[in-house]
Amino acid sequence: MNLVNNSFLLFLQTVKKKYKIMKRNIFSVLLFIGFFTIGLSQSKEKNVLMTIDDEPVYVDEFLRVYNKNLDMIQDESQKSKEAYLELFINYKLKVKEAFAQGLHKNESFIKELGSYRNQLSQNYLYDQEITEELIEEGYNRLLEEVSASHILIRLTPDSRPKDTLAAWNRMKVILDKARAGEDFETLAKQYSEEPKADERGGFLGYFKGFGMVYPFETAAYNTPVGQVSDIVRTQYGYHILKVHDRRVSPEEVTVAHIMVSSQGGEVSDEVALQRLNEIKMRLNQGEDFGDLARQFSEDPGTARNSGLLNRFGSGRLNAPKFEEAAFGLKNKGDISEPVQTDFGWHIIKLIERHPKESLEEMRDDLLTRVKTSDRSKVIVKSVNERIKEKYNFVKINDPLPFFNQFVTDSVLKRKWEYKSEDLTNNEPIFKIGNRTYRYSDFAEYIDVRQKRSRIYREKEVLLGEYYKEFEDHTLDEFYKISLEEDNEEFANLLDEYRNGLLIYDLMQRNIWEPSKTDSIGIEKFFNKNRDNYRMNTRVRGSIASTADAEIAGKIKKMLNEGVDEDKIKNQFNSDTKINVIFTTGVFEMGNSILPENFKTSKGISEVYNISTAQNTNTAQYIVVNVEEVLPAGNISLDNIRGRVISDYQLFLDQKWMEELRDKYKVKVNKKALKK
Numbered sequence: 035m036n037l038v039n040n041s042f043l044l045f046l047q048t049v050k051k052k053y054k055i056m057k058r059n060i061f062s063v064l065l066f067i068g069f070f071t072i073g074l075s076q077s078k079e080k081n082v083l084m085t086i087d088d089e090p091v092y093v094d095e096f097l098r099v100y101n102k103n104l105d106m107i108q109d110e111s112q113k114s115k116e117a118y119l120e121l122f123i124n125y126k127l128k129v130k131e132a133f134a135q136g137l138h139k140n141e142s143f144i145k146e147l148g149s150y151r152n153q154l155s156q157n158y159l160y161d162q163e164i165t166e167e168l169i170e171e172g173y174n175r176l177l178e179e180v181s182a183s184h185i186l187i188r189l190t191p192d193s194r195p196k197d198t199l200a201a202w203n204r205m206k207v208i209l210d211k212a213r214a215g216e217d218f219e220t221l222a223k224q225y226s227e228e229p230k231a232d233e234r235g236g237f238l239g240y241f242k243g244f245g246m247v248y249p250f251e252t253a254a255y256n257t258p259v260g261q262v263s264d265i266v267r268t269q270y271g272y273h274i275l276k277v278h279d280r281r282v283s284p285e286e287v288t289v290a291h292i293m294v295s296s297q298g299g300e301v302s303d304e305v306a307l308q309r310l311n312e313i314k315m316r317l318n319q320g321e322d323f324g325d326l327a328r329q330f331s332e333d334p335g336t337a338r339n340s341g342l343l344n345r346f347g348s349g350r351l352n353a354p355k356f357e358e359a360a361f362g363l364k365n366k367g368d369i370s371e372p373v374q375t376d377f378g379w380h381i382i383k384l385i386e387r388h389p390k391e392s393l394e395e396m397r398d399d400l401l402t403r404v405k406t407s408d409r410s411k412v413i414v415k416s417v418n419e420r421i422k423e424k425y426n427f428v429k430i431n432d433p434l435p436f437f438n439q440f441v442t443d444s445v446l447k448r449k450w451e452y453k454s455e456d457l458t459n460n461e462p463i464f465k466i467g468n469r470t471y472r473y474s475d476f477a478e479y480i481d482v483r484q485k486r487s488r489i490y491r492e493k494e495v496l497l498g499e500y501y502k503e504f505e506d507h508t509l510d511e512f513y514k515i516s517l518e519e520d521n522e523e524f525a526n527l528l529d530e531y532r533n534g535l536l537i538y539d540l541m542q543r544n545i546w547e548p549s550k551t552d553s554i555g556i557e558k559f560f561n562k563n564r565d566n567y568r569m570n571t572r573v574r575g576s577i578a579s580t581a582d583a584e585i586a587g588k589i590k591k592m593l594n595e596g597v598d599e600d601k602i603k604n605q606f607n608s609d610t611k612i613n614v615i616f617t618t619g620v621f622e623m624g625n626s627i628l629p630e631n632f633k634t635s636k637g638i639s640e641v642y643n644i645s646t647a648q649n650t651n652t653a654q655y656i657v658v659n660v661e662e663v664l665p666a667g668n669i670s671l672d673n674i675r676g677r678v679i680s681d682y683q684l685f686l687d688q689k690w691m692e693e694l695r696d697k698y699k700v701k702v703n704k705k706a707l708k709k
């Protein structure tokens, strides 16, 4: 039973860490929550697998989850149905306890579930043909970058018709001048209302698909090089743009790097750069990049893996200078000059250039980007037309003339109050299926919507925008309600999310948060299990590293003679060649910087050839000046509190599961399980 409880809590901790990712990506939620979740069972004639306080749990629920997740189970001992049933029971008990504690009534839970419901419904909602066109278009635009400049005449979304016409006429004059041959940069500096246009002349540089708002992007890709586009409207106003160049987007690359950090103020930029230049000189002398990355790189996420980064493409790293240096490397094995980022100083080695991914390889990512960008407006329009057709949408009245009189100007200040008794004319607006929506529904929508609205200047414009939103929102909500009633798959998945979120909140309330502040319980648990928390033998001192066996021998001799590190470096290093690097600190046995056969005794060590053990391409020798040997022993609670809290949470969860088993009566139908 301990194994079952441990596995389940580890699953929940994974959910906890991935919580923010789940909000963004519905498929991530399925991956992490789906491992232990079940769906609705709508048939009353299904075989009962077990009961929990006389509430039935059906065989097909268990089998569906078991078969779906079998390949995800790492522990072979849990792949039998009997062992998996224990995980399943634990899950069901925690869901039941979450409802017993009323967590399903929390406002935050209701909001999160609503958000997931909205995301999930999109998979059933969008127009397949329209989406496929947008995916293919987006993919093609990622293959090619456009360099352009633009001129902007600003408009707000609620600009009055006369202001919109005036702005268009101004832009038409500028367009005629540009197409007549006047210099576009000069026109931009003179007329454009973009911030700093007088300095940049409207220049945008290179961009590719999904890098600009969709109408602007479309204009850029539809305008030939050297020509000026037609006038295009975005949420910012009217634009014209001139395309300067088009080029193939850079391929993705895999690189390794060595970083010397200058963050935190402990090391100045000058010292960090000097240290990195010393490392680069050793590379130029023929030493292995991976060896030096493992020894000296201060990026803990990559140092142990020879400095290797995951492959990336243009714009992926949020570090433009690093990307520029990486993409500038032409041949495998090329190494950059030092480059500075917000993290420190780097040298970069090109490992491989990767051909661009195919459309099929990028399809899932492209689908997400299409549905979360302003391209989705194209889909929404198509989807709404389908909903109207499927559920026999009928427009009965245009409500705007009435509401322009009924709603006061206070709505512009978000202070209009709707009183149902004031609405004497509750006419129908439209009908969907068997539901009719009336003036009162729109009035209630306005009353709520205004509170989170941007500021409008014109009431007529505001009400027009609100009505478009009201119609779209009503169509969307009607479809979702119908979907949950009509589609068992959707209902099952929504129930999975509901239960997963409840368990997260349950664990947060009953285990995770209380355990962090239970100082007495943590200390008691730590003292009882002290033998599980021990530190290996450590040495305090410095390590001299060199690629020359003869120099290593001389360093050992000089250290024995009491020569200090600076004099040793002055003797063996020069402005053009670095032969030795010293690293000072406390090193625990098992640290990759120390050889496996290292002798932990005070004084100057023998010369160790660490390259043989690590199977490296070039020789690496170290000499260790051990100033102090720190014996193995127990670690204080303060030094390992995070690990102890994690173990304490596992312990509490095991005890809690025993209590839930006592609280709720679980009765398994062994015949059904066997069958």
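The sequence shown maps to residues 35 to 709 in the working numbering. Positions of the beta carbon are idealized from the N, C-alpha and C atoms, including for glycine.
Does DSSP put residue i in a helix, in a strand, or in coil?
i: Arg397; result: helix
i: Ile265; result: coil
i: Gln135; result: coil
i: Ala253; result: helix
i: Gln319; result: coil
i: Trp546; result: helix
i: Val259; result: coil
i: Thr634; result: coil
i: Gln374; result: strand
i: Asn594; result: helix
i: Asp368; result: coil
i: Gly575; result: strand
i: Leu457; result: coil
i: Glu492; result: coil
i: Glu312; result: helix
i: Asp279; result: strand
i: Asn521; result: coil
i: Tyr471; result: strand
i: Phe685; result: helix
How close, in whole Å, do the beta carbons of residue i and residue j come, if the pair is a contact with beta carbons under 8 Å?
i: Ala359; j: Ser370; result: 5 Å
i: Gly243; j: Leu307; result: Actually they are not in contact, since the Cβ atoms of Gly243 and Leu307 sit about 37 Å apart, beyond 8 Å.
i: Ala132; j: Leu694; result: No, Ala132 and Leu694 are not in contact; Cβ-Cβ is about 11 Å, not under 8 Å.
i: Gly236; j: Ile185; result: 6 Å
Going by other Cβ atoms of all chains shown within 10 Å of its Cβ, with 16 needed for buried, is residue i buried or exposed?
i: Tyr655; result: buried
i: Arg677; result: exposed
i: Gln269; result: exposed
i: Arg488; result: exposed
i: Glu530; result: buried
i: Ser226; result: buried
i: Val433; result: According to the sequence provided, residue 433 is Pro. The question's Val does not apply to it. Pro433 comes out buried.
i: Tyr158; result: exposed
Out of the options, state which residue places its alpha-carbon closest to the alpha-carbon of residue i.
i: Tyr452; options: Arg543, Val482 and Leu707; result: Val482
i: Tyr538; options: Ala117, Asn140 and Glu89; result: Asn140
i: Ser410; options: Val247, Ser149 and Ala581; result: Val247
i: Thr165; options: Leu310, Leu434 and Val414; result: Val414
i: Arg543; options: Ser114, Lys113, Met84 and Gln135; result: Gln135
i: Leu535; options: Val99, Glu116 and Arg151; result: Arg151
i: Phe323; options: Glu304, Phe361, Glu285 and Lys366; result: Lys366
i: Leu189; options: Arg204, Glu595 and Leu342; result: Arg204
i: Glu423; options: Asp376, Ser155, Thr571 and Tyr513; result: Tyr513
i: Trp202; options: Arg267, Phe237, Arg213 and Glu178; result: Arg267
i: His278; options: Asp582, Leu540 and Val259; result: Val259
i: Arg98; options: Leu119, Thr85, Glu110 and Asp87; result: Leu119
i: Phe621; options: Lys633, Val614 and Ile612; result: Lys633
i: Met84; options: Glu110, Leu238, Asn103 and Glu116; result: Glu116
i: Asn431; options: Ala586, Asp398, Lys465 and Thr402; result: Lys465
i: Lys355; options: Ile381, Leu343, Glu522 and Arg345; result: Ile381
i: Val657; options: Asp600, Gly498, Asn594 and Ala666; result: Asn594
i: Val91; options: Arg448, Lys708 and Asn703; result: Asn703
i: Ala254; options: Leu238, Thr375, Leu275 and Lys223; result: Leu275
i: Val180; options: Asp210, Gln261 and Gly215; result: Gln261
In its own chain, which residues sit with a C-beta less than 6 Å from the C-beta of residue i, not counting the 5 before and 5 after it?
i: Leu671; result: Phe560
i: Met293; result: Ser331, Glu332, Asp333, Gly378 and His380
CB-CB under 7 Å to residue i, same chain, minus the five flanking residues each way: which ones, in chain order?
i: Ile669; result: Tyr567, Arg568 and Met569
i: Lys701; result: Met84 and Thr85
i: Glu494; result: Asn438
Confirm the yes/no value for this check: CB of residue i, any heavy atom of the ligand FAD, distance under 6 Å.
i: Asp279; result: The ligand FAD is absent from the structure shown, which contains no ligand whatsoever.
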